Amino acid sequence: MFTEILAQEIGDRGITVNTLLPGPTTPGMFDNMPNEVHEAAANSSPFKWIGRSEDIADVVAFLVSDKARWITAQHIVVNGGANM
């Protein structure tokens, strides 16, 4: 709800507001986890692997670019389909 309200409040200034909901990534979240946890996370995605931090960064780079100027008040899930 905060995303939508803020987008409404500042949209007239040409500012977009979105929420990024990242899934598990490496390096980072699973570096010190047992192999079983790593495998379970990987198997939760149709790709059967855990994303890289660059996968999240690429979406952020797009969202802050002019190419995303028409995207606002959205909740963008970047988790390799793990929530399907």
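Note that the sequence shown ends on residue 94 in the working numbering; no numbers are left out. C-beta atoms are modelled at their ideal positions from N, C-alpha and C, and glycine is treated no differently. Remember, it's a predicted structure, so these values are computed and weren't measured experimentally.
Mapping DSSP to helix, strand and coil, what is Thr-35? Under the three-state reduction of DSSP, Thr-35 is assigned to strand.
N-terminal and C-terminal residue of the beta strand (DSSP E) that Ile-86 is part of: 84-88
Hey, out of Met-43, Ala-83, Val-87, whose CA is closest to Asp-68's CA? For the residues Met-43, Ala-83, Val-87, the minimum Cα distance to Asp-68 belongs to Val-87.
Tell me the residue span of the alpha helix (DSSP H) that contains Asp-68. 63-73
Tell me which residue opens and which closes the alpha helix (DSSP H) that Ile-25 is part of. Looking at the DSSP string, Ile-25 is not in any alpha helix (DSSP H), and its letter there is neither H nor E.
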